[in-house]
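**Student:** Going letter by letter, the sequence shown gives residues 0 to 54 in numbering that gives the first Met the number 0. Each residue gets a CB set at the ideal place from its N, CA and C atoms; glycine is no exception.
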Amino acid sequence: MNKFIKVALVGAVLATLTACTGHIENRDKNCSYDYLLHPAISISKIIGGCGPTAQ
Numbered sequence: 000m001n002k003f004i005k006v007a008l009v010g011a012v013l014a015t016l017t018a019c020t021g022h023i024e025n026r027d028k029n030c031s032y033d034y035l036l037h038p039a040i041s042i043s044k045i046i047g048g049c050g051p052t053a054q
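Following this line, the structure appears as structure tokens:
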């Protein structure tokens, strides 16, 4: 029974994380990045991988 609870917990965490992913492209459609939980905390966004956000 304990093993079942662990498997169910891992399954619930994975189901939650897979629903919180996405893909963003800039207006010119020449640069994009993926995020895991929220676009604002994406590493590519933080380091400016697509340049200034105004573009």
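For Ile42, name the three-state secondary structure that DSSP assigns.
**Tutor:** For the purposes of this step, residue 42 is taken as residue 43 along the sequence shown, with counting starting at 1. Note: Ile42 maps to helix in three-state DSSP.
**Student:** What residues are listed by DSSP as bridge partners for Gly21?
**Tutor:** For the purposes of this step, residue 21 is identified with residue 22 of the sequence shown, where counting begins at 1. Bridge partners of Gly21: Tyr34.
**Student:** With distance defined between alpha-carbon atoms, name the residue in Val12, His37, Ile45, Gly50 nearest to Leu27.
**Tutor:** Position 28 of the sequence shown, counted from the first residue, corresponds to residue 27. Rather than Leu, the amino acid found at residue 27 in this sequence is Asp. Looking at the Cα atoms, Gly50 is the closest of the given residues.
**Student:** Straight-line CA distance for Ser31 to Val6?
**Tutor:** For this step, residue 31 is matched to residue 32 along the sequence shown. For this step, residue 6 is matched to residue 7 along the sequence shown. So the alpha carbons of these two residues sit roughly 35 angstroms apart.
**Student:** Skipping 5 residues on each side, what residues in its chain have a beta carbon closer than 7 angstroms to that of Pro38?
**Tutor:** Numbered from 1 along the sequence shown, position 39 holds the residue referred to as residue 38. Once the five neighbours on either side are set aside, the close Cβ partners of Pro38 are Gly21, Ile23, Lys44.
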